[in-house]
Amino acid sequence: MRRCLLTVLLCAPLVLGVGLTKLPEEPKAEEPGPPVEVMLTAESETIEAGEVPTFSVRLINRSDETICLVGSLDGSDVGWRYPKLTAQREGPVETAAIGRCGNMNNLREEDFVTLKPGQGFDPYDAELGFFGNHVLRQKVTEPGEYTFSLTYDTDEHDLGKWWGFMGPGEPTAEMKRRFAKVPKGTFVSNTVTITVTPQSEKP
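Using this note's numbering, you'd call the opening residue of the sequence shown number 70 and step up by one each time.
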């Protein structure tokens with residue numbers, strides 16, 4: 070009797086294990102990417118020394134909601150106000166410092182661009198009232214390889230730090246409504262490499 074009971078106990082795990090399979094792990098949900106894409110494109114990846122590289126820039130809504138974004142304002146390129154839209158250039162020669170006045174135009178309702186999912190715009194579009202970037206507009210004087218990138222920084226919830234400094238004024242209710250739709254964060258573009266060749270001799 071004991072031998073039979075022992076045999077049953079020894080065989081039980083084998084019997085219970087028959088037909089059991091490991092369940093496949095559920096795929097992990099992908100984390101959503103940043104709500105804003107900063108897309109930087111060079112017109113040409115090779116230029117001559119003494120030329121100014123030409124870029125196109127797009128801020129694209131990659132979220133599932135309608136958002137508002139603000140382009141490059143007076144002072145955005147030097148980090149004086151939000152949004153800070155600063156360019157980085159690395160290479161044999163650094164960018165030259167610029168001089169400018171201390172005034173900054175006040176924020177306007179029309180500076181907020183409404184974007185549906187997938188839509189984008191040029192944050193330097195002068196027709197929309199936006200300002201250019203001194204780093205992207207400087208000529209490159211020495212041959213070599215240069216890398217360019219952009220940082221779009223909206224990580225500030227105080228609308229006063231977006232306002233500017235050009236006389237009195239107060240944000241309107243509509244501006245506050247649009248400001249609430251601006252995703253707050255720091256968004257970095259892709260990196261673009263440009264090769265600068267020696268200046269050719271002109272006949």
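Glycine included, C-beta positions come from ideal geometry on N, C-alpha and C.
Pairwise C-alpha distance: residue j and residue i
i, j, result
"residue 247", "residue 180", "10 Å"
"residue 183", "residue 243", "13 Å"
"residue 258", "residue 251", "18 Å"
"residue 204", "residue 238", "31 Å"
"residue 178", "residue 241", "8 Å"
"residue 138", "residue 129", "9 Å"
"residue 211", "residue 119", "7 Å"
"residue 256", "residue 223", "8 Å"
"residue 225", "residue 269", "47 Å"
"residue 173", "residue 193", "16 Å"
"residue 102", "residue 108", "14 Å"
"residue 197", "residue 185", "18 Å"
"residue 155", "residue 260", "13 Å"
"residue 164", "residue 135", "36 Å"
"residue 202", "residue 157", "11 Å"
"residue 227", "residue 140", "17 Å"
"residue 152", "residue 117", "33 Å"
"residue 206", "residue 123", "8 Å"
"residue 81", "residue 187", "For residue 81, the predicted model reports a pLDDT of 49, less than 50, meaning its position is unreliable and no value from the coordinates is stated."
"residue 176", "residue 209", "33 Å"
"residue 104", "residue 189", "12 Å"
"residue 254", "residue 113", "30 Å"
"residue 110", "residue 219", "11 Å"
Within 8 Å, strictly: CB atoms of residue i and residue j
i, j, result
"residue 230", "residue 150", "yes"
"residue 145", "residue 200", "yes"
"residue 133", "residue 233", "no"
"residue 161", "residue 213", "yes"
"residue 106", "residue 131", "yes"
"residue 191", "residue 126", "yes"
"residue 115", "residue 264", "yes"
"residue 215", "residue 159", "yes"
Paired residues, beta bridge with residue i - DSSP
i, result
"residue 173", "234"
"residue 217", "158 and 261"
"residue 153", "222"
"residue 106", "129"
"residue 189", "129"
Three-state secondary structure (DSSP) of residue i
i, result
"residue 248", "helix"
"residue 180", "helix"
"residue 112", "coil"
"residue 197", "helix"
"residue 125", "strand"
"residue 229", "helix"
"residue 204", "coil"
"residue 120", "strand"
"residue 243", "helix"
Contact with chain D by residue i, beta-carbon distance below 8 Å
i, result
"residue 207", "Of the chains in the structure shown, none is chain D; there is only one protein chain."
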